[in-house]
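Under the working numbering, the first residue of the sequence shown carries the number 165, and numbering increases by one thereafter.
Ideal Cβ positions, reconstructed from N, Cα and C, are used throughout, including at glycine.
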Amino acid sequence: MVARIGVFVGSLVIAAVLALLSEPGRRTIGFAQESYNEVKRVSWPTRKETTQMTGIVFAFVAVMGLFMWVLDKGIEWVLYGLLLGWK
Numbered sequence: 165m166v167a168r169i170g171v172f173v174g175s176l177v178i179a180a181v182l183a184l185l186s187e188p189g190r191r192t193i194g195f196a197q198e199s200y201n202e203v204k205r206v207s208w209p210t211r212k213e214t215t216q217m218t219g220i221v222f223a224f225v226a227v228m229g230l231f232m233w234v235l236d237k238g239i240e241w242v243l244y245g246l247l248l249g250w251k
């Protein structure tokens with residue numbers, strides 16, 4: 165068990181050294197740092213704004229779901245009831 169943990173930790177150290185020494189690794193680390201700095205500058209919404217927008221999205225989805233259901237039933241009635249006479 166100790167050997168497994170040692171190999172795992174050793175491989176993590178080797179991977180970190182390779183990432184620091186290689187050009188793709190340095191670019192990736194630089195990108196991660198820039199991304200972190202960008203996230204710190206974001207103007208995050210307040211809890212109230214988030215709750216309101218979530219409510220608006222749920223209401224919109226419910227209304228659109230109802231609209232699509234009515235549209236589907238209307239097309240079904242026109243096709244099967246009027247045109248084909250199946251019902």
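Asked, Found
"Simplified DSSP state of Leu182, which is helix, strand or coil", "helix"
"Cα-Cα separation, Glu202 to Leu185", "25 Å"
"Length of the line joining the Cα atoms of Val234 and Thr215", "29 Å"
"Straight-line gap, Glu198 to Arg211 (C-alpha atoms, nearest Å)", "26 Å"
"Simplified DSSP assignment, three categories, for Pro188", "helix"
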